[in-house]
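Engineer: Mind having a look at this structure? Questions to follow.
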Amino acid sequence: MKEEGIDLVSEAICSGIFNDLGSGSNVDICVITKDHVEYLRNYQLPNPRTYISSKGYSFNKGQTEVLSTKITPMKQKAVLTEGDFMEE
Numbered sequence: 008m009k010e011e012g013i014d015l016v017s018e019a020i021c022s023g024i025f026n027d028l029g030s031g032s033n034v035d036i037c038v039i040t041k042d043h044v045e046y047l048r049n050y051q052l053p054n055p056r057t058y059i060s061s062k063g064y065s066f067n068k069g070q071t072e073v074l075s076t077k078i079t080p081m082k083q084k085a086v087l088t089e090g091d092f093m094e095e
């Protein structure tokens with residue numbers, strides 16, 4: 008049962024990786040049971056990065072040119088009138 012759940016979640020995450028170009032390249036899964044939490048980091052690597060800089064990446068502030076800025080004020084504030092508020 009646990010393995011079936013992990014496989015289902017893994018398949019769903021892989022779908023996101025391959026159908027959304029900005030979704031990353033690895034599958035991390037967290038299994039939560041009544042007694043403990045199990046983190047499965049890098050459970051799958053279906054789309055590994057082909058190039059990684061050995062020096063890393065460092066971009067100075069202001070290096071990317073801003074072509075335009077537009078601030079649109081909110082027309083109306085959203086207010087929850089029905090349902091349950093989430094706990095904080």
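Convert by adding 7 to the 1-based position in the sequence shown; the result is the number in my numbering.
Built from N, CA and C at the ideal position, the CB exists for glycine as well.
In this text the structure is predicted, and so the values were computed from the model without any measurement.
Just how far apart, CA to CA, sit V83 and V73?
Structural biologist: Here residue 83 is taken as the residue at index 76 of the sequence shown, counted from 1. Here residue 73 is taken as the residue at index 66 of the sequence shown, counted from 1. First, the amino acid is wrong: residue 83 is Gln here, not Val. Using only the alpha carbons, I get a separation of about 28 Å.
Engineer: Should the stretch 13-29 be called in touch with the stretch 38-53, which here means at least 3 C-beta pairs below 8 Å?
Structural biologist: Judged by Cβ distances under 8 Å, the stretch 13-29 makes contact with the stretch 38-53, as three or more pairs qualify.
Engineer: How many angstroms separate the CA atom of N33 from the CA atom of R48?
Structural biologist: Stepping through the sequence shown from its first residue, residue 33 is reached at position 26. Stepping through the sequence shown from its first residue, residue 48 is reached at position 41. Looking at the two C-alpha atoms, the distance is approximately 9 Å.
Engineer: Let me check one thing: in DSSP terms, what residues is I36 bridge-paired to?
Structural biologist: Translated into positions along the sequence shown, residue 36 becomes position 29. Bridge partners of I36: L47.
Engineer: Quick check: the stretch 28-46 against the stretch 8-18, are there 3 or more CB pairs under 8 Å?
Structural biologist: Touching, per the Cβ criterion.
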